[in-house]
Structures are given as C-alpha cells and as structure tokens.
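Asks: Let me begin by handing over the structure; questions about it come next.
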Amino acid sequence: MRIGSGLDVHAFGPGDHLMLGGVRIAHSQGVVAHSDGDVVLHALCDALLGAAGLGDIGQHFPDSDPRWKGAASARFVTAVLALLQARRLAVVNADLTVIAEAPRVAPHRDAICREVARLLEVPLERVNLKATTTEGLGFLGRAAGIAAQAVVLLSEG
Ligand code: MG
C-alpha cells in the first residue's frame, strides 16, 4: 500500500463557472488558471503522483506548455492513471476536500463523486467528497479563491 496527498489552490477571476472534480458548476466567478483550473482534480493528480513517487503535476503538465492551455483536467487524471497502471499500481480509495466559502458543493457532490470514480476506474463507494469553509478567515474566507485537498491510497499489484 502507498499513500499520497495533494493540495491545490486557484484564485477566483472572471467567468461564469468552475470545474470541480470534472463537473461544470455555474458560479458568479471563474478561476485564474492555465488549464481549466479544476482544484479537485489537480489535488487528486498530486495525491496519485505522490503515492506513486512520481513527483507532482507541475512536472508532468507544466503550465508553460501550450498543450495544456485550457486543458480539461480530466485529461491529467487519465494520463496519471496510465502512469500508475504501467507500474501495477491501483487506486484503493480517494478522499477529497473542497475548501471554499462558495460555491456550495453539496448539490454537486454525487455528480462529482461519480465523475471522479469514473476517471479513476473505481466503484463509486471508493470516492468520498467533503466540503468545508475557513469560517471567513484568510484568503479562502474572503472568497479570493478555492482550494482542494486529496488523499489517496494505492495498492501494489
Ligand atoms: Mg491547479
């Protein structure tokens, strides 16, 4: 067994939606990002890469690379999963946390868990999504941006 953790933050910016866990969510703002700025999937990729000892998302998908401009972050997850499968590593479970004042995650929880489970090729019950705020404190409390944290467990086949 191997464990990994990931953390990602993006600032809010102009826009009318966010991508969270591969799901498009209407919101009064978007995020500033080179890719689609999906904090959940970015944190998830870092957790997967960390568990596998394969560095971080910036090494694999540099934001200086025009190939990833506006990229759907689901592509990152799929590419990372292929790296794991080549090493006979399989996802046991993923525990994800969104930290933000807004948008509310609860109405989208099921859709996000379904999409993440699909991307990871695991049963739905292996993916958990939590959401919290920082009680108004700090940059997240001021709603300057959104953060996500991920923890994953991999089994070695
Ligand atoms: Mg990111």
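Residue numbers (this note's numbering): 40 to 196. Every residue, glycine too, gets a C-beta built ideally from N, C-alpha and C. Predicted, not measured: the structure shown is a model, and the values here were computed from it.
Taking all protein chains shown into account, do 16 or more other C-beta atoms lie within 10 angstroms of the C-beta of Q188, making it buried, or fewer, making it exposed?
Replies: buried
Asks: With distances taken from CA atoms, which of H147, R165, A139 is nearest G184?
Replies: A139
Asks: So, is I96 buried or exposed, given that buried needs 16 or more other C-beta atoms within 10 angstroms?
Replies: buried
Asks: Taking only runs that begin and end inside the segment 89-173, name each unbroken alpha helix (DSSP H) of 4 or more residues, in chain order.
Replies: 96-99, 112-125, 148-159
Asks: Skipping 5 residues on each side, what residues in its chain have a beta carbon closer than 7 Å to that of P162?
Replies: Cβ neighbours of P162 beyond the five flanking positions: A156.
Asks: Using 10 angstroms around the beta-carbon of L176, count the other beta-carbons present and answer buried if the total reaches 16, otherwise exposed.
Replies: exposed
Asks: Any heavy atom of the ligand MG inside 8 Å of the beta-carbon of V78?
Replies: Flag set: Cβ of V78 near the ligand MG.
Asks: Could you please give the first and the last residue of the uninterrupted beta strand (DSSP E) stretch that includes G52?
Replies: 41-52
Asks: Please name the residue, chosen from V62, G89, H49, L80, that lies closest to V70 on a Cα-to-Cα basis.
Replies: H49
Asks: Could you give the distance in angstroms between the alpha-carbon of F51 and the alpha-carbon of D77?
Replies: Spanning the two alpha carbons is a distance of roughly 12 Å.
Asks: Return yes when at least one heavy atom of the ligand MG lies under 8 Å from the C-beta of V155, else no.
Replies: no
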